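Numbering (the numbering used here), first residue to last: 18 to 151. All C-beta atoms in this analysis are idealised placements derived from N, C-alpha and C, irrespective of residue type, glycine included. Computed from a prediction, not measured in an experiment: that's the story for all the values here. Here is the structure we will look at.
In C-alpha coordinates form, the structure reads like this:
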(Lines of atoms letter the chains of each structure in order from A and count residues from 1; the text may use other names and numbers.)
(Lines give C-alpha, C1' and ligand atoms only; values in the text may rest on other atoms or scores of the structure.)
Protein backbone atom coordinates (compact mmCIF):
# COMPACT_ATOMS: atom_id res chain seq x y z
CA UNK A 1 0.00 0.00 0.00
CA UNK A 2 1.37 3.40 -0.87
CA UNK A 3 2.21 5.92 1.81
CA UNK A 4 -0.60 8.40 0.93
CA UNK A 5 -3.17 5.60 1.05
CA UNK A 6 -1.88 4.44 4.43
CA UNK A 7 -1.97 7.99 5.73
CA UNK A 8 -5.50 8.44 4.41
CA UNK A 9 -6.71 5.21 6.01
CA UNK A 10 -5.08 6.13 9.34
CA UNK A 11 -6.69 9.57 9.15
CA UNK A 12 -10.06 8.01 8.42
CA UNK A 13 -9.71 5.58 11.33
CA UNK A 14 -8.66 8.36 13.67
CA UNK A 15 -11.65 10.47 12.57
CA UNK A 16 -13.99 7.57 13.26
CA UNK A 17 -12.41 7.07 16.66
CA UNK A 18 -12.76 10.79 17.36
CA UNK A 19 -16.44 10.79 16.38
CA UNK A 20 -17.06 7.73 18.54
CA UNK A 21 -15.23 9.33 21.50
CA UNK A 22 -17.26 12.52 21.08
CA UNK A 23 -20.46 10.47 21.02
CA UNK A 24 -19.43 8.68 24.22
CA UNK A 25 -18.77 12.00 25.90
CA UNK A 26 -22.12 13.41 24.73
CA UNK A 27 -23.92 10.29 25.99
CA UNK A 28 -22.30 10.53 29.41
CA UNK A 29 -23.11 14.26 29.59
CA UNK A 30 -26.74 13.54 28.69
CA UNK A 31 -26.99 10.96 31.47
CA UNK A 32 -25.33 13.34 33.92
CA UNK A 33 -27.85 16.05 33.04
CA UNK A 34 -30.71 13.61 33.61
CA UNK A 35 -29.36 12.70 37.04
CA UNK A 36 -29.03 16.39 37.90
CA UNK A 37 -32.60 17.12 36.80
CA UNK A 38 -34.40 14.13 38.28
CA UNK A 39 -32.26 12.84 41.11
CA UNK A 40 -31.62 9.19 41.85
CA UNK A 41 -34.23 7.67 39.50
CA UNK A 42 -34.16 9.65 36.25
CA UNK A 43 -35.56 6.78 34.16
CA UNK A 44 -38.97 7.32 35.73
CA UNK A 45 -39.16 10.90 34.49
CA UNK A 46 -37.85 10.73 30.94
CA UNK A 47 -39.80 12.69 28.38
CA UNK A 48 -39.83 11.90 24.66
CA UNK A 49 -37.06 14.38 23.89
CA UNK A 50 -34.69 12.79 26.42
CA UNK A 51 -35.49 9.31 25.11
CA UNK A 52 -34.77 10.36 21.54
CA UNK A 53 -31.52 12.04 22.57
CA UNK A 54 -30.28 8.99 24.48
CA UNK A 55 -31.32 6.60 21.69
CA UNK A 56 -29.54 8.61 18.99
CA UNK A 57 -26.40 9.03 21.06
CA UNK A 58 -26.45 5.36 21.99
CA UNK A 59 -26.59 4.36 18.34
CA UNK A 60 -23.67 6.70 17.57
CA UNK A 61 -21.58 5.22 20.39
CA UNK A 62 -22.33 1.65 19.38
CA UNK A 63 -24.50 -0.80 21.28
CA UNK A 64 -21.64 -2.99 22.47
CA UNK A 65 -19.70 0.04 23.71
CA UNK A 66 -22.68 1.18 25.78
CA UNK A 67 -22.66 -1.72 28.24
CA UNK A 68 -20.33 -0.02 30.74
CA UNK A 69 -21.74 3.46 30.06
CA UNK A 70 -25.52 3.11 30.24
CA UNK A 71 -26.74 3.72 33.80
CA UNK A 72 -30.11 5.44 33.39
CA UNK A 73 -31.66 2.66 31.30
CA UNK A 74 -30.41 -0.63 29.90
CA UNK A 75 -28.92 -1.05 26.45
CA UNK A 76 -31.94 -3.16 25.43
CA UNK A 77 -34.22 -0.26 26.29
CA UNK A 78 -32.08 2.17 24.29
CA UNK A 79 -32.17 -0.16 21.28
CA UNK A 80 -35.95 -0.45 21.56
CA UNK A 81 -36.27 3.34 21.68
CA UNK A 82 -34.03 3.61 18.62
CA UNK A 83 -36.16 1.08 16.71
CA UNK A 84 -39.26 3.09 17.63
CA UNK A 85 -37.58 6.26 16.37
CA UNK A 86 -36.82 4.61 13.04
CA UNK A 87 -40.40 3.38 12.72
CA UNK A 88 -41.74 6.89 13.32
CA UNK A 89 -39.50 8.45 10.68
CA UNK A 90 -41.36 8.52 7.34
CA UNK A 91 -38.09 8.23 5.40
CA UNK A 92 -37.54 4.74 6.82
CA UNK A 93 -40.99 3.33 6.19
CA UNK A 94 -41.04 0.48 3.74
CA UNK A 95 -43.63 0.25 1.06
CA UNK A 96 -43.39 -2.83 -1.06
CA UNK A 97 -43.92 -1.12 -4.41
CA UNK A 98 -40.96 1.27 -4.56
CA UNK A 99 -38.67 -0.93 -6.65
CA UNK A 100 -41.31 -2.66 -8.72
CA UNK A 101 -40.24 -3.51 -12.26
CA UNK A 102 -42.38 -1.90 -14.91
CA UNK A 103 -44.47 -4.20 -17.14
CA UNK A 104 -42.56 -2.93 -20.20
CA UNK A 105 -39.25 -4.07 -18.69
CA UNK A 106 -40.72 -7.43 -17.70
CA UNK A 107 -42.00 -7.99 -21.23
CA UNK A 108 -38.63 -7.01 -22.69
CA UNK A 109 -36.73 -9.43 -20.45
CA UNK A 110 -39.12 -12.28 -21.30
CA UNK A 111 -38.86 -11.53 -25.03
CA UNK A 112 -35.04 -11.40 -24.92
CA UNK A 113 -34.90 -14.66 -22.98
CA UNK A 114 -37.16 -16.39 -25.50
CA UNK A 115 -35.21 -15.08 -28.50
CA UNK A 116 -31.81 -15.99 -27.04
CA UNK A 117 -31.34 -19.74 -27.24
CA UNK A 118 -27.62 -19.95 -26.42
CA UNK A 119 -28.08 -19.22 -22.71
CA UNK A 120 -30.68 -21.90 -21.98
CA UNK A 121 -28.09 -24.66 -21.51
CA UNK A 122 -26.28 -22.72 -18.81
CA UNK A 123 -29.53 -22.29 -16.87
CA UNK A 124 -30.21 -26.02 -17.00
CA UNK A 125 -26.67 -27.06 -16.05
CA UNK A 126 -26.08 -24.30 -13.47
CA UNK A 127 -29.40 -23.02 -12.14
CA UNK A 128 -29.37 -19.63 -10.43
CA UNK A 129 -28.40 -19.69 -6.75
CA UNK A 130 -26.52 -22.98 -7.21
CA UNK A 131 -23.33 -21.30 -6.09
CA UNK A 132 -21.64 -21.78 -9.46
CA UNK A 133 -19.96 -18.63 -10.85
CA UNK A 134 -21.59 -18.96 -14.30
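Where residue i sits in the DSSP three-state scheme
i	result
residue 80	coil
residue 28	helix
residue 178	Nothing about residue 178 can be reported from this structure: the residues present for the chain run from 18 to 151 only.
residue 94	helix
residue 70	helix
residue 62	helix
residue 122	helix
residue 56	coil
residue 117	coil
Among the options, the one whose alpha carbon lies nearest that of residue i
i	options	result
residue 90	104, 67, 42 and 130	67
residue 76	131, 99 and 61	99
residue 95	86, 81 and 71	71
residue 82	51, 121, 40 and 53	40
residue 45	107, 78 and 133	78
residue 106	122, 34 and 69	69
residue 93	32, 55, 80 and 85	80
Assigned exposure category for residue i - 16 Cβ within 10 Å defines buried
i	result
residue 58	exposed
residue 124	exposed
residue 130	exposed
residue 36	exposed
residue 48	buried
residue 51	buried
residue 87	buried
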